[in-house]
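Here is the structure we will look at, set down as structure tokens.
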Amino acid sequence: MVGTEYYVALSAVLFAVGGVGVLTRRSAIMLFLSVELMLNAANLAMVAFARSWSASGAATALNGQTAVFIVLAVAAAEVAVGLGILVAIFRNRVSTDVDELSEVRA
């Protein structure tokens, strides 16, 4: 059985890769992908901790999985709204470069 520390280490690596992607990428689509990677890294850590916590008898593993399900639902809503905004901006500006989006007009 793989220990919790390995899952947490993998989660930290995935979160760091997502953070680097957010800080270095200029494309809005890559920013969305990086943020999603960071959210999934947090979900992996949450499930790993819930599994180790349930092994000790403190709670059931479903508590962590339920929280992950809620986070995934929020992330899906975020992607739907964000990509909708991105498509609208792309139609007006014909670019997804975030440096060119310094002003947003109503």
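Numbering-wise, our numbering puts 284 at position 69 of the sequence shown, and it's gapless, one number per residue. Ideal Cβ placement from N, Cα and C applies to all residues, glycine included.
Query, Result
"Could you compute how far the alpha carbon of Ala263 sits from the alpha carbon of Val283?", "11 angstroms"
"Below 8 angstroms on the Cβ atoms is my guess for Leu246 versus Val237; work out the distance and round it to an integer in Å.", "6 angstroms"
"Would Tyr222 pass as a contact of Ala260 if the rule is Cβ separation under 8 angstroms?", "yes"
"So, for Leu298: in the same chain, excluding its five sequence neighbours on each side, which residues have a beta-carbon less than 8 angstroms away from its beta-carbon?", "Phe247"
"Inspect the beta-carbon positions of Leu252 and Val286 and report whether they are closer than 8 angstroms.", "no"
"Please check the pair Ala176 and Ser226, which I expect to be a contact at CB under 8 angstroms, by giving their CB distance rounded to whole angstroms.", "Only positions 216 to 321 of the chain appear in the structure, and residue 176 is not among them; the question remains open."
"Answer yes or no: do Thr311 and Ser242 have a C-beta to C-beta separation smaller than 8 angstroms?", "yes"
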